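Everything below concerns the one structure shown next.
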Amino acid sequence: MPQPSLQTQELKDWLEENKFGQFFEKMYDVGVEQLDDLRALRTENDVIELAGPSGINMGIIFRRKFIRAVLSLSESDVTSPTASTPTQTIPTENSLSAAMYFLQIKQKTFAFGQ
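Note that UniProt numbering numbers the sequence shown so that position 65 is 65, with each residue one more than the last.
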């Protein structure tokens, strides 16, 4: 039985939120003790190995859903900005049009005032 800890509870909560709660103890038995253990699975083959017959032995439907969920968990960690990563806003066509409009108004106002 898993030792209660914040990391273990985080894993259990994530599994339950994604409808994999029934596999919590099996995962713990094969070494998955925290959510970071799932985040460490970077390839589909890694996740298949965990979810397949030599791991926790999920049925095919659960396995496919689990693969998607774990890979999206890993991807969201890779692509989400952190405090040390500056974010950059990419201008859209609408924001560029609005900026050009205000620039034109400012130029006309400035020219009119002279």
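Beta carbons: idealized from backbone N, C-alpha and C, even for Gly.
A quick note: this is a predicted structure, and the numbers were derived from the prediction, not measured.
> Between the C-alpha atoms of S80 and N57, what's the straight-line distance to the nearest angstrom?
Replying inline: At S80 the pLDDT is 46, less than 50, meaning the model places this residue with poor confidence and gives no usable figure here.
> Rounded to a whole number of angstroms, what is the C-alpha to C-alpha distance between V47 and L6?
Replying inline: In a straight line, the C-alpha of V47 is about 23 Å away from that of L6.
> CB-CB under 6 Å to F23, same chain, minus the five flanking residues each way: which ones, in chain order?
Replying inline: Counting only Cβ-Cβ distances below 6 Å, and skipping sequence neighbours, we find I56.
>> Given a cut-off of 7 Å on the beta-carbon distance, is the pair S72 and R39 in contact?
In response: No, Cβ-Cβ distance for S72 and R39 is not below 7 Å.
>> Counting C-beta neighbours from all protein chains within 10 Å, is the total for A83 16 or more, i.e. buried, or is it exposed?
In response: Bear in mind that the predicted position of A83 carries a pLDDT of just 42, short of 50, making it unreliable; the figure below should be weighed with that in mind. With fewer than 16 other Cβ atoms within 10 Å, it is exposed.
> Going along the chain, which residues of its own chain have a beta-carbon closer than 6 Å to the beta-carbon of A51, five neighbours each way excluded?
Replying inline: Cβ neighbours of A51 beyond the five flanking positions: M58, R63 and F66.
> Got a sec, what are the start and stop residues for the alpha helix (DSSP H) L38 sits in?
Replying inline: L38 -> alpha helix (DSSP H) spans L35 to R39.
> Taking the alpha carbon of E10 as the point to measure from, which residue in I60, P53, D37 and N45 has its own alpha carbon closest?
Replying inline: It is D37 whose Cα lies nearest to the Cα of E10.
> By a C-beta neighbour count over all protein chains shown, 10 Å radius and 16 as the cutoff for buried, is K19 buried or exposed?
Replying inline: Its Cβ having fewer than 16 others within 10 Å, K19 is exposed.
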